[in-house]
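Report on the structure given below.
2 protein chains.
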Amino acid sequence: MRGRPPSAATRDVRLELLGVARHLFLDRSYREVSLRELAAAVGVSPAMVRYYFGDKQGLYVAMLRDVMGPLVGRIERMLAAPADQRPDLAGFLREYMKTAAANPWLPRLILRDVLAPGGGFRDRFVEEFAGKLAPKFAQLAGRGGPGAPLDPRFTVISMLSLGLWPFLAMPILEQALDFRPDDAGIERLIDHTVRFFTAATAAGAQT
Amino acid sequence: MRGRPPSAATRDVRLELLGVARHLFLDRSYREVSLRELAAAVGVSPAMVRYYFGDKQGLYVAMLRDVMGPLVGRIERMLAAPADQRPDLAGFLREYMKTAAANPWLPRLILRDVLAPGGGFRDRFVEEFAGKLAPKFAQLAGRGGPGAPLDPRFTVISMLSLGLWPFLAMPILEQALDFRPDDAGIERLIDHTVRFFTAATAAGAQT
DNA sequence: GGATAAATTAAACGAGCGTTTAATTTAAGG
DNA sequence: CCTTAAATTAAACGCTCGTTTAATTTATCC
């Protein structure tokens, strides 16, 4: 039972682990699916996770990387554009929401497992993904320094960069609604989201 | 160190446990705060939880009871009203949102700890609170049986009864926005929520 | 074909958890 | 007073988890 497998069995264990983990984590959660259970579902030993990913968190981050990496890259490029060519709030929302629509599993995982309180898990996520965007968003949302923000609602965007976007996308992507919008649907949602948050911010100004 | 305390020390350990638990659970989570830690924070032994609440879940449900109990009661009364006097979607939303605004900690706890996937915890919550409402809401949202529903969006309400309402209330109650709406603010939010969900449902109709 | 590297596993480690048991101290009641 | 009930704890139980170690088998390369 032990030892390198014969080359007859051509299977990519690393890939199988990623795939099964995604499904398990999706309908339970990162914390509630044990390494042992995942390994058993794939049919390998728990030690394979250490071999391929270092540890459990490493597996998780590797799972997000395929989608999150390119998304962060696109947002970075949008942020780097000169001010007069930089998209407005709706432009950034569009990027997030299209990613969410194309990969509905992603925001749900992030919301549940990464941004849940008390993780310490958050650190690794911020380090690799959100952390690259947060300073630039904060600068855009800042107190009107040089190259001042055009849209005060960029504070919303600043929250997006810290991981709020699953909070926006989640409710409409929930199983109960079985939501798979097309491009027109996304546009309508962006519009309503902007209005929703504008109303919330206005209504919440209490002091 | 062991034994019944002298009557000089008049403290309500049961109440202290509930209070400290609420704060700990709020900025971490039910699963991540251990009974041992909670007990240490109050300054008693972990066994006190068993003594007063049976088990950890018992403590949690007891914590929700003060607010959830009356809320469920009010909704039940609204549902029991004759059809022509029964509130519409906005009327039910108002009840939920006012409760959420008055007790912002509640929806966050429910969302994180009770409705999180894979709980088994859900059962105890549904049994005591949501379960009383779900059948009646489902009937109202149903396929137009006798006493047919006036508003097709009652399907949204039906989801509320199953615990979706924290999903509505959470984003606007999140720390980041520091939201404490007054009555007028609540009315505006209800309006926008209805429109938001109408848009989502319309956009999501794909088949 | 012998040495080295890759892929895999069984088994144990150590810590933390919720819970249970039994002992213990004080208060209350007759 | 003496008995019984209430409130509390120390200590142990049994379980699960993520991780680590060391052994093992096969492939690859000179």
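Chains as they are written, first to last, in the working numbering: chain A, 97 to 303; chain B, 97 to 303.
Note that beta-carbon positions come from the ideal geometry of N, C-alpha and C, so glycine has one too.
As the structure is a computational prediction, the values presented were derived from the model and not from experiment.
Report the three-state DSSP secondary structure of residue i (helix, strand or coil).
i                : result
PRO166 (chain A) : helix
GLN302 (chain A) : Caution is warranted here: a pLDDT of 32 is assigned to GLN302 (chain A), below 50, making its placement in the model unreliable, and the coordinate value is therefore given only provisionally. It is coil, neither helix nor strand.
ASP156 (chain B) : Inspection of the sequence shows that residue 156 (chain B) is occupied by Tyr rather than by Asp. DSSP places TYR156 (chain B) in helix when its eight states are reduced to three.
ARG182 (chain A) : coil
PRO142 (chain A) : coil
PRO101 (chain B) : coil
ARG118 (chain A) : helix
ARG204 (chain A) : helix
THR106 (chain A) : coil
ALA197 (chain B) : helix
ALA177 (chain A) : coil
VAL129 (chain A) : coil
LEU260 (chain B) : At LEU260 (chain B) the pLDDT is 42, less than 50, meaning the model places this residue with poor confidence; the figure from the coordinates comes in the next sentence. In the structure shown, LEU260 (chain B) sits in a helix (DSSP, three-state: H, G or I).
ASP151 (chain A) : coil
ARG218 (chain A) : helix
ARG124 (chain B) : coil
Out of the options, state which residue places its alpha-carbon closest to the alpha-carbon of residue i.
i                : options                                   : result
LEU113 (chain A) : A:MET164, A:ASP184, A:VAL145 and A:GLY154 : A:VAL145
ASP151 (chain B) : B:ALA196, B:VAL138 and B:LEU131           : B:LEU131
ALA309 (chain B) : B:LYS228, B:PHE217 and B:SER103           : Residue numbering for chain B in the displayed model covers 97 to 303; residue 309 (chain B) lies beyond these limits and cannot be assessed.
GLY139 (chain B) : B:THR195, B:GLY115 and B:TYR192           : B:GLY115
ASN199 (chain A) : A:GLU128, A:MET159 and A:ALA137           : A:MET159
PHE157 (chain B) : B:TYR126, B:MET174, B:ILE171 and B:GLY187 : Per the sequence presented here, residue 157 (chain B) reads as Val, with Phe not at that position. Looking at the Cα atoms, B:TYR126 is the closest of the given residues.
THR141 (chain B) : B:ARG161, B:ARG98 and B:ALA105            : According to the sequence as given, residue 141 (chain B) is Ser; it is not Thr. Out of B:ARG161, B:ARG98 and B:ALA105, B:ARG98 has the C-alpha closest to the C-alpha of SER141 (chain B).
Using the C-alpha atoms, what's the distance from residue j back to residue i?
i                : j                : result
ILE206 (chain B) : ARG100 (chain B) : 35 Å
ARG190 (chain A) : PRO183 (chain B) : 36 Å
LEU202 (chain B) : ALA143 (chain B) : 26 Å
GLU133 (chain A) : ARG118 (chain A) : 13 Å
VAL210 (chain B) : PHE221 (chain B) : 7 Å
ASP180 (chain B) : GLY165 (chain B) : 26 Å
ARG110 (chain A) : VAL163 (chain A) : 17 Å
GLY154 (chain B) : ALA196 (chain B) : 22 Å
ALA135 (chain A) : VAL129 (chain A) : 10 Å
ARG107 (chain B) : ALA226 (chain A) : 46 Å
ASP123 (chain B) : PRO178 (chain B) : 42 Å
GLU224 (chain A) : VAL168 (chain A) : 10 Å
ALA137 (chain B) : SER103 (chain B) : 22 Å
GLU172 (chain B) : ALA186 (chain B) : 16 Å
PHE217 (chain B) : MET174 (chain A) : 43 Å
TYR148 (chain A) : MET193 (chain A) : 31 Å
PHE121 (chain A) : ARG204 (chain A) : 10 Å
PHE188 (chain B) : ARG170 (chain B) : 10 Å
ARG161 (chain A) : ARG208 (chain B) : 25 Å
ALA105 (chain A) : ASP219 (chain A) : 38 Å
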